[in-house]
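Undergrad:
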Ligand code: FAD
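In the numbering used here, the protein residues as written are 3 to 398.
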């Protein structure tokens, strides 16, 4: 009995929303979480697995506690369709689940149509993105281990907005750290579709100069328009083709398939417009969208830290709406993204965002936030503590 909230996707946003809907309603709202994966695998810290500093087990957390401690019912399946008239979600396994309110948090999917060569058989096993943590994280690590010394690892970055602005530059550091130790004749080349480094520019440039001189090379304004996966060749809009030993292509991305297919991706058919007070979709009533899938307000990154706070804001709003009350106080978020530049040294960027009632959007609080003065081992400890805390807050 009681109202029923269904959550699609148990990532940083969805798992948090599921847990906090149970907590804020004191168990009065039933919650069902639909998630195909057996375990949560964290993208934050996954670059350390690629660098050989951590193992995949270190970033893998079971969903058990959501069920055992919080009474969230977990359905291990994939949502394939949403019927907002009947308020029903259809499952790949054939079933259907009815809802009073639906929370859609599928993260991102890739715009493969922008890389035609990646549709060839086997292409997506040969050239990896590793931009969703899991099997690809492990497979990319294996490709790097198998690469002969003297090889080139090419990492291509799509035009912003993409999931985790500093993530690619951290990944370059982690691969270079591995090469410096194990394959000193090898190189990392970053092909960035953007005009410049998207986050913590001075700190990354300093780290590359201090630790990876002659290993990391950065080439801005290199937009990959196709890939020949068989020869690991990147094709650019304006520049010559580049043949890598290991090609790691992060494709253009948009809201997860289910959100696009359900008509929620109203911004350029890519991201989902929401009301930032409740995260209710601007297109479909009683459906809320969270996390990387939304059209973010200016300067708000697509981050796990943000997604977790979307989850709490949405949970509070959904519980209020189901109980016939006004949604609670205006949201105020903090964001911190840590990046490892060596196995120990870390840099951060932080910001604070407040809801502006007049403009109806989230605005960066003037004077808030900033970046590290320098990379440090102390911030390395903070970064790992951040990860443990957010995993506990989301899943424990
Ligand atoms: P996700 O966490 O991706 O969760 C989506 C979930 O939905 C998945 O579990 C998926 O299986 C499920 N799903 C999808 N479709 C369906 C469907 N049809 N039915 C059912 N379930 C479905 N952020 C930080 O804050 N700090 C960092 O240090 C950081 N580092 C990063 C490093 C890398 C390399 C990467 C790639 C990202 C990093 N991020 C970081 C960003 C962070 O991972 C994302 O912003 C965050 O995961 C977004 O949360 P989400 O819930 O929207 O999506």
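Each residue gets a CB set at the ideal place from its N, CA and C atoms; glycine is no exception.
1) Compare the Cα-Cα distances from residue 368 to each of 301, 314, 14 and 58 and report the closest residue.
2) Using only CA atoms, which one of 27, 366, 55 and 37 lies nearest to residue 181?
3) Just how far apart, CA to CA, sit residue 71 and residue 18?
4) Using beta-carbon positions only, say whether residue 131 and residue 252 come within less than 8 Å of one another.
5) Ignore the nearest five residues each way along the sequence and tell me which others in residue 92's own chain have a CB closer than 8 Å to its CB.
6) Check each candidate in 107, 179 and 247 and name the one with the smallest Cα separation from residue 51.
7) Is residue 284 near the ligand FAD - that is, is its Cβ less than 7 Å away from at least one heavy atom of it?
8) Does DSSP put residue 21 in a helix, in a strand, or in coil?
9) Mind reading off the beta-carbon distance from residue 338 to residue 388? Whole number of angstroms is fine, and I expect it under 8 Å.
10) Hey, residue 193 and residue 156 are a contact pair by Cβ (cut 8 Å); roughly how many whole angstroms apart?
11) Please classify residue 107: does DSSP put it in a helix, a strand, or coil?
12) Classify residue 158 as buried or exposed, calling it buried when 16 or more other Cβ atoms lie within 10 Å of its own Cβ.
13) Applying the 10 Å Cβ sphere with the 16-neighbour rule, what's the burial state of residue 326?
14) What residue does the alpha helix (DSSP H) around residue 142 start on, and which one ends it?
15) For residue 95 versus residue 79, is the C-beta distance shorter than 8 Å?
16) So residue 225 and residue 195 are supposed to be a Cβ contact under 8 Å. How far apart are they, rounded?
17) Grab the span of the beta strand (DSSP E) containing residue 65 for me, first residue to last.
18) At what residues does the beta strand (DSSP E) containing residue 230 begin and finish?
19) Just tell me which of 33, 111, 382 and 340 has its CA closest to the CA of residue 293.
TA: Reading it off the structure:
1) Your numbering for residue 368 matches position 366 in the chain shown. Out of 301, 314, 14 and 58, 301 has the C-alpha closest to the C-alpha of residue 368.
2) Counting from one through the chain shown, the residue named residue 181 turns up at place 179. Selected option, being the one with the closest Cα: 55.
3) In the chain shown, counting from the first residue as 1, residue 71 sits at position 69. In the chain shown, counting from the first residue as 1, residue 18 sits at position 16. Spanning the two alpha carbons is a distance of roughly 13 Å.
4) Counting from one through the chain shown, the residue named residue 131 turns up at place 129. Counting from one through the chain shown, the residue named residue 252 turns up at place 250. Yes, the pair counts as a contact, with Cβ atoms nearer than the cut-off.
5) Position 90 of the chain shown, counted from the first residue, corresponds to residue 92. For residue 92, where only same-chain residues beyond five positions count, the Cβ hits under 8 Å are 81, 82, 83, 84, 85 and 98.
6) The residue you call residue 51 lines up with position 49 of the chain shown. Ranking the options by Cα distance to residue 51, first place goes to 179.
7) The sequence position of residue 284 within the chain shown is 282, counting from 1. Flag unset: Cβ of residue 284 not near the ligand FAD.
8) Here residue 21 corresponds to residue number 19 of the chain shown, with the count starting at 1. Helix, per DSSP.
9) Position 336 of the chain shown, counted from the first residue, corresponds to residue 338. Position 386 of the chain shown, counted from the first residue, corresponds to residue 388. That belief holds up - the Cβ atoms of residue 338 and residue 388 are roughly 7 Å apart, short of 8 Å.
10) The residue labelled residue 193 in the question sits at position 191 within the chain shown. The residue labelled residue 156 in the question sits at position 154 within the chain shown. About 6 Å separates the two Cβ atoms, so the contact holds.
11) Along the chain shown, read from residue 1 onward, the residue named residue 107 stands at position 105. Of the three classes helix, strand and coil, the one that applies to residue 107 here is coil, per DSSP.
12) Here residue 158 corresponds to residue number 156 of the chain shown, with the count starting at 1. Answer is buried; the Cβ neighbour count reaches 16.
13) For the purposes of this step, residue 326 is taken as residue 324 along the chain shown, with counting starting at 1. Exposed, since its Cβ has fewer than 16 Cβ neighbours within 10 Å.
14) For this step, residue 142 is matched to residue 140 along the chain shown. It spans 137-148 - the alpha helix (DSSP H) in which residue 142 sits, taken as one unbroken run.
15) Residue mapping note: residue 95 aligns to position 93 of the chain shown, counting from 1. Residue mapping note: residue 79 aligns to position 77 of the chain shown, counting from 1. Yes, the Cβ-Cβ distance between residue 95 and residue 79 is below 8 Å.
16) Residue numbering aside, residue 225 sits at position 223 when the chain shown is read from its first letter. Residue numbering aside, residue 195 sits at position 193 when the chain shown is read from its first letter. Yes, residue 225 and residue 195 are in contact; Cβ-Cβ is about 4 Å, under 8 Å.
17) In the chain shown, counting from the first residue as 1, residue 65 sits at position 63. For residue 65, no beta strand (DSSP E) encloses it, and the DSSP letter there is neither H nor E.
18) As a first step, residue 230 is located in the chain shown; it is residue number 228 there, counting from the start. First-last of the beta strand (DSSP E) with residue 230: 226-230.
19) Position 291 of the chain shown, counted from the start, is the residue given in the question as residue 293. Nearest option by C-alpha distance: 111.
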